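Below: the structure, in structure tokens.
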Amino acid sequence: MSNGQLYRIHQSGVFPETACAESLPGSERVKLVRAWILVEATRWYNGWPCVRILFGAEDGVSYPPVEEDCWLAGSLEWRDGEIRERLNKPLLTPLQEAVWDAVVGWAKNHLKESNAHR
334 MSNGQLYRIH QSGVFPETAC AESLPGSERV KLVRAWILVE ATRWYNGWPC
384 VRILFGAEDG VSYPPVEEDC WLAGSLEWRD GEIRERLNKP LLTPLQEAVW
434 DAVVGWAKNH LKESNAHR
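Per the working numbering, the sequence shown starts with residue 334, numbered consecutively.
Here's what the structure looks like:
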């Protein structure tokens, strides 16, 4: 189904990373197996806690995406029923630390939920 696409999470649902993203049908479940954590460098170094999460599907690409003005801060991967972390946590202000912890926790929960039916 994903034919190598990445999926971006928005408030209204999971969307394929395409020029014109459409929501995935509610009845069709996507098995997400990895999440890449990216930090928006220009905003981050100005004190704004801006973290992006891009998810990869089971049959999608296994290498990290390239996002303009972002650097890869790590990944989470669902393997053998558990999440494996490879995180390179940057230096953080208290606000950035709170956002980092919340976003990484949310990504872990999303991976677990995506694989709960398996």
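All C-beta atoms in this analysis are idealised placements derived from N, C-alpha and C, irrespective of residue type, glycine included.
Note that the coordinates shown come from a computational prediction; the quantities given were computed from them, not determined experimentally.
Assuming residue i and residue j make a contact with CB atoms under 8 angstroms, what is their CB distance in whole Å?
i, j, result
"E410", "V366", "6 angstroms"
"W404", "A440", "Actually they are not in contact, since the Cβ atoms of W404 and A440 sit about 17 angstroms apart, beyond 8 angstroms."
"L444", "A368", "6 angstroms"
"G407", "L387", "G407 to L387, Cβ: 12 angstroms. No contact."
Could you tell me the boundaries of the alpha helix (DSSP H) in which residue i lies?
i, result
"L444", "427-448"
Would DSSP call residue i helix, strand or coil?
i, result
"L424", "coil"
"S360", "Low confidence applies here, because S360 scores a pLDDT of 39, under 50, leaving its location unreliable and the question unanswered by this model."
Grab me the residues of residue i's own chain with a C-beta within less than 7 angstroms of its C-beta, minus the 5 sequence neighbours each way, in chain order.
i, result
"R385", "L371, E373, E400, C403"
"N448", "K364, W411"
By Cβ distance, which residues of its chain are closer than 6 angstroms to residue i, with the 5 residues on each side in sequence left out?
i, result
"V436", "V384"
I'd like the list of long-range same chain contacts for residue i, defined as Cβ closer than 8 angstroms, with 5 residues on each side in sequence excluded.
i, result
"I287", "In the structure as shown, the chain begins at 334 and stops at 451. Residue 287 is therefore absent and cannot be evaluated."
"Y422", "According to the sequence shown, residue 422 is Lys rather than Tyr. Only A406, G407, W433 meet the Cβ criterion."
Inside the region 371-414 only - alpha helix (DSSP H) runs reaching at least 4 residues: Within the region 371-414, the runs of alpha helix (DSSP H) that reach at least 4 residues and sit entirely inside it are, in chain order, 374-377.
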